[in-house]
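Note that the protein sequences, when read in sequence, are chains A and B.
All residue numbers for the first sequence refer to the working numbering, where the first residue is 20 and numbers rise by one.
All residue numbers for the second sequence refer to the working numbering, where the first residue is 20 and numbers rise by one.
A virtual CB, placed ideally from N, CA and C, is assigned to each residue, including glycine.
Since the structure is predicted, the reported quantities are computational estimates derived from the model, not experimental observations.
Worksheet for the structure shown next.
Number of protein chains: 2
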Amino acid sequence: MISHAVEDYLKAIYEIDEDFGEVTTSLLAVHLGVAPASVTGMVQKLARAKPRLVNYERHRGVTLTPAGRKVALEVIRHHRLIELYLAQALGYEWDRVDAEAEKLEHVISEEFEDKIAALLGHPVLDPHGDPIPTKDGTVAEPSRQALSSAQPGQTVRVTRVRDDDPAFLRYLAELGVTLNAVLVVADRAPFEGPLHIVIGERAHALGQSVTDRIFVEIEPAAAQGGAA
Amino acid sequence: MISHAVEDYLKAIYEIDEDFGEVTTSLLAVHLGVAPASVTGMVQKLARAKPRLVNYERHRGVTLTPAGRKVALEVIRHHRLIELYLAQALGYEWDRVDAEAEKLEHVISEEFEDKIAALLGHPVLDPHGDPIPTKDGTVAEPSRQALSSAQPGQTVRVTRVRDDDPAFLRYLAELGVTLNAVLVVADRAPFEGPLHIVIGERAHALGQSVTDRIFVEIEPAAAQGGAA
DNA sequence: GTAAAAATTTAGGCTCGACTAAATTATCCA
DNA sequence: TGGATAATTTAGTCGAGCCTAAATTTTTAC
Chain A
20 MISHAVEDYL
30 KAIYEIDEDF
40 GEVTTSLLAV
50 HLGVAPASVT
60 GMVQKLARAK
70 PRLVNYERHR
80 GVTLTPAGRK
90 VALEVIRHHR
100 LIELYLAQAL
110 GYEWDRVDAE
120 AEKLEHVISE
130 EFEDKIAALL
140 GHPVLDPHGD
150 PIPTKDGTVA
160 EPSRQALSSA
170 QPGQTVRVTR
180 VRDDDPAFLR
190 YLAELGVTLN
200 AVLVVADRAP
210 FEGPLHIVIG
220 ERAHALGQSV
230 TDRIFVEIEP
240 AAAQGGAA
Chain B
20 MISHAVEDYL
30 KAIYEIDEDF
40 GEVTTSLLAV
50 HLGVAPASVT
60 GMVQKLARAK
70 PRLVNYERHR
80 GVTLTPAGRK
90 VALEVIRHHR
100 LIELYLAQAL
110 GYEWDRVDAE
120 AEKLEHVISE
130 EFEDKIAALL
140 GHPVLDPHGD
150 PIPTKDGTVA
160 EPSRQALSSA
170 QPGQTVRVTR
180 VRDDDPAFLR
190 YLAELGVTLN
200 AVLVVADRAP
210 FEGPLHIVIG
220 ERAHALGQSV
230 TDRIFVEIEP
240 AAAQGGAA
């Protein structure tokens, strides 16, 4: 039996790899809220498990083996399905779903997973735009173009937002930045400095700490409200 | 923070007290699937906790303190609400809900509890007829009259069934014994021996191991199919 | 290229909740 | 009432997963 702790480590390794491309002891320690020494111990154990769950060489970081990746994706599938279910079926706010899913993901049965997946129509994205892995272990590429990299004058559609900070998510909701919201980056943006974004009727100056955590797709140039 | 294990112990103490009127080390050990010595250790700890969760004197059994009872009822409320939610909202069979609720009961938030309670219309009974404790710690008396004690010729309505054996629950479902099903105890039943019960159109001989685990309310004598 | 700083690992220890084996206490029955 | 049996408790151990402090290795900066 795979413990909750092990599931959390494997999930964290997957997520850190997604975000940083490399998984170090200290990144894992911060992500999991444990001491670096604890990470070393657990990672050594995962590398000794049969089947082996991670590849590990001291001081060189960690990668998932196929077996470890499989477990990670199952947990992430649970997490994201549950998030969407909470939002859709129970009316949760999008800043509340993560904490609840964090606990539920480790305990639901396959039957529960299947039932909510069917009920939601086998969805592809969670409430923050993260792709939901399929049962056979396929994951779509997450949207990776940050709003901070958009060019003045561009019209963009929000495809994903970072989900780890509830206060940030509440802030976005208040701003009107929801999934699929259409934003216009103001013309003549300052050379360096906050991007000015038109959301609905209003313009806002958004710092880079904000625009770095919003991912978008560029909308084809067209007769849009902000460009008329 | 109260651990899952502690929650399980307190819930078990409550349930065994309901069923047997006294809570011994060995009953707890069987109920929880652990060794008797483990129970002694944990019970001593619960009695030393502040606030104290159980009253305990060696060799004399255990009772819940008000604080322990409060925790037990919260867990049981979770359990039974979840059972009903799984049956009602997700279409679970009634023999499947217990195992899933057993895991979920320890991890759901108050928000989750409130949302499903509201969605279900603040229900009073779970899928097996067990009363759902209210948030303020009130519990209705469970139905206690066993079908085995019904008299020949009586018409009864099923109010509760034992929920601990999935095979038994599947058997009942196949028989047509659901919550609120109306049964007729055949006249001229053998002096001692299996009760003959008319369910719908068919009669069945039910052993005492079955009729002991079905609880009923006597229906007032009336123009009923079996008594005409 | 080397010294200081940062990251990582090792070593040793803690708590929790289980276990087994042995000792003790309670109960039951002749 | 005593002696066998059953129930319970004590004593000692173990694995999981965390911790801190100290040692080691890697990286950085001059």
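Any C-beta of chain B under 9 Å from that of residue i
i: ILE95/A; result: no
i: ASN74/A; result: no
i: PHE19/A; result: In the structure displayed, chain A extends from 20 to 247; residue 19/A sits before or after that span and is not available.
i: ILE135/A; result: yes
i: ALA186/A; result: no
i: LEU6/A; result: In the structure displayed, chain A extends from 20 to 247; residue 6/A sits before or after that span and is not available.
i: LEU83/A; result: no
i: LEU105/A; result: yes
i: LEU65/A; result: no
i: LEU138/A; result: yes
i: GLY244/A; result: Confidence at GLY244/A is low in this model, with a pLDDT of 49, below 50, so its placement is unreliable and the value that follows should be read with caution. Cβ-Cβ to chain B under 9 Å: no for GLY244/A.
Delimiting residues of the alpha helix (DSSP H) encompassing residue i
i: ARG99/B; result: 85-109
i: LEU47/B; result: 44-51
i: HIS23/A; result: 23-39
i: LYS58/A; result: Here the sequence assigns Val to residue 58/A, which means Lys is not the residue at that position. Note, VAL58/A: alpha helix (DSSP H), 55-67.
i: VAL116/B; result: 116-123
i: ILE135/A; result: 129-138
i: GLU112/B; result: Where GLU112/B is concerned, there is no enclosing alpha helix (DSSP H), given that its DSSP letter is neither H nor E.
i: ALA186/A; result: 185-194
Strand pairing of residue i, partner residues [DSSP]
i: PRO150/A; result: LEU144/A
i: PHE234/A; result: ALA165/A and ARG179/A
i: VAL229/B; result: BP columns for VAL229/B are empty, so no partner.
i: TYR75/B; result: VAL81/B
i: THR157/B; result: None; THR157/B has no bridge partner.
i: THR174/B; result: VAL203/B
Chain-ordered neighbours of residue i on chain B, where CB pairs are closer than 7 Å
i: VAL126/A; result: LYS122, LEU123 and VAL126
Residue range of the unbroken beta strand (DSSP E) whose run includes residue i
i: HIS223/A; result: 221-225
i: LEU202/B; result: 201-204
i: LEU214/A; result: 214-218
Chain-ordered neighbours of residue i on chain B, where CB pairs are closer than 8 Å
i: LEU100/A; result: Per Cβ cutoff of 8 Å: no residues; LEU100/A is ~13 Å from chain B at best.
Beta-carbon proximity check, residue i vs residue j, cutoff 9 Å
i: PHE234/B; j: ARG189/B; result: no
i: VAL204/B; j: GLY172/B; result: yes
i: ALA91/A; j: TYR33/A; result: yes
i: GLY219/B; j: VAL177/B; result: no
i: PRO146/B; j: ASP182/B; result: yes
i: LEU225/B; j: ILE237/B; result: no
i: GLU119/B; j: ALA192/B; result: no
i: VAL49/B; j: VAL62/B; result: no
i: LEU65/A; j: LEU103/A; result: no
i: ALA108/B; j: ILE135/B; result: yes
i: VAL94/A; j: VAL126/B; result: no
i: THR82/A; j: VAL42/A; result: yes
i: ARG96/A; j: GLU132/A; result: yes
i: LEU29/B; j: GLY87/B; result: yes
i: PHE187/B; j: VAL158/B; result: no
i: LEU51/A; j: ASP36/A; result: no
i: LEU100/A; j: PRO142/A; result: yes
i: ARG115/B; j: ASP184/B; result: no
i: THR59/B; j: ARG71/B; result: no
i: SER128/B; j: LYS122/A; result: yes
i: ALA68/B; j: THR174/B; result: no
i: HIS98/A; j: GLU124/A; result: yes
Amino acids of chain A, ordered along the chain, whose beta-carbon sits closer than 9 Å to that of residue i
i: ARG115/B; result: SER128 and GLU130
Contact with chain A by residue i, beta-carbon distance below 9 Å
i: LEU109/B; result: yes
i: GLU119/B; result: yes
i: MET20/B; result: no
i: GLU193/B; result: no
i: LEU51/B; result: no
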